Amino acid sequence: MGSVAQTNDERPVTVVQKLRDMLADPEKFIACPGVYDGFTARIALQEGVDCLYMTGAGTTMSRLGMADMGIATLNDMLANAAMIASLSPSTPLIADADTGYGGAIMVGRTVTSYIRAGVAGLHLEDQVVNKRCGHLEGKQLVTVNEYASRIRAAVLARRRSGGDIVIIARTDALQGYGFEEAITRLKAAISEGADVAFLEGVTSREDAERACKQLAPTPCLFNNVPGGVSPDFSVQECKDIGYKIAIFPCLSFEMVYPAVRRAVRQLKENGNVKSQEKDGRRYGPKELFQVCGLDEMVDFDTAAGGGAYTNGA
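The structure is reproduced here in structure tokens:
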């Protein structure tokens, strides 16, 4: 079930266990860059990150060209997560699973599908199925009992699947219902078997510290969304507050947006595109293909006696 990493003595270790080990390590903080497609995932992997995060907003925008307003389906998210998870057998992937896409049976199907796709962790939230980005206003939530049922279904599906996945319980209750209600919901999720607590939309360091203390020893996750409702906590600030893990969902698409927009403007206005590097360096196809495994593919073809790249690529 799922991708595996190898330890020094060659015993297989699943990426789920690798994620669990990082969560259990008192000295380890997990910083997950947000990626939304194969190319951004490959770039992050090239930099040697410990863990990837597949953003739902980025998946919706890149695959569907639409805003994160509950448009993406399980099939959209699962296909993207499976592809990203397949790129590295030793790097855990945490993926957005929104609301689970329906009632208890559908939540179970979602969790089982993510497990079989090699995803190491997922988060489930308490918004209604017709959800929206957690940093927008006007969110509607299900009851605490229905939310607890979602987590219960996720844990049951995990157990029956024969595999494993880290279940992250997210609540969007802080904005409309207040801090105490949000903590109540996360405690209910933890009692049902959630592994990590995710209080969405934190607006102050005080609330962040209170949440981490009140939910201990369950590890807590911070969602870093610059320009959203939460402070732009650095990794060190997250550590000091008491968080164990932070996701940076906008990291890739926030950087891509101005870069591509600038290049398109240059093409329209000047008829040519200039390098964005200070030294004027341009990136040719071969170097970009190498980010996505060109050399490994050529080596594989050669080892298999394919002969397609005898004269190079």
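Okay, so the sequence shown: first residue is 7 according to the numbering used here, each after it adds one.
Glycine residues also receive a C-beta, built at the ideal position from the N, C-alpha and C atoms.
What you are looking at is a predicted structure, and each value in this text was computed from that prediction instead of being measured.
Buried or exposed for residue 249, please, with buried defined as at least 16 other CB atoms from any protein chain shown within 10 angstroms of its CB.
By the neighbour-count rule (16 or more Cβ atoms within 10 Å), residue 249 is buried.
Grouping DSSP H, G and I as helix and E and B as strand, with all else coil, what is residue 46?
Here residue 46 sits in helix by DSSP.
Quick check: what's the CA-CA separation for residue 172 versus residue 26?
Their backbone Cα atoms lie some 7 Å apart in a straight line.
In the DSSP assignment, find the beta strand (DSSP E) that holds residue 298 and state where it starts and stops.
From DSSP, residue 298 is part of no beta strand (DSSP E); its letter is neither H nor E.
Is the beta carbon of residue 227 closer than 8 Å to that of residue 203?
Cβ distance < 8 Å, so residue 203 and residue 227 count as in contact.
Which word fits residue 111, buried or exposed, when buried means at least 16 other C-beta atoms lie within 10 angstroms of its C-beta?
Its Cβ having fewer than 16 others within 10 Å, residue 111 is exposed.
Alpha carbon to alpha carbon, how far is residue 237 from residue 315? Give it in angstroms, no decimals.
Cα-Cα distance, rounded: 51 Å.
Does residue 196 come out as helix, strand or coil in the three-state DSSP assignment?
Three-state DSSP puts residue 196 in a helix.
In angstroms, rounded to a whole number, what distance separates the CA positions of residue 270 and residue 313?
When rounded, the distance between both Cα atoms is 39 Å.
So, using beta-carbon positions, are residue 40 and residue 64 closer together than 8 Å?
In contact: residue 40 and residue 64 (Cβ atoms closer than 8 Å).
For residue 94, count neighbouring C-beta atoms within 10 Å of its own C-beta (all shown protein chains included) and say buried if the count is 16 or more, exposed if not.
Classification of residue 94: buried, given that the 10 Å Cβ count is 16 or more.
Applying the criterion that 16 or more other CB atoms from any shown protein chain within 10 Å of the CB defines a buried residue, is residue 276 buried or exposed?
Exposed is the call here.
To the nearest angstrom, how far is it from the Cα of residue 46 to the Cα of residue 259?
Cα-Cα distance, rounded: 9 Å.
Kindly confirm or deny that the region 190-203 and the region 217-227 touch, where touching means at least three C-beta pairs closer than 8 Å.
Short answer: they touch.
Quick one: give me the first and last residue of the alpha helix (DSSP H) that residue 27 is part of.
Counting along the chain, the alpha helix (DSSP H) containing residue 27 begins and ends at 21-30.
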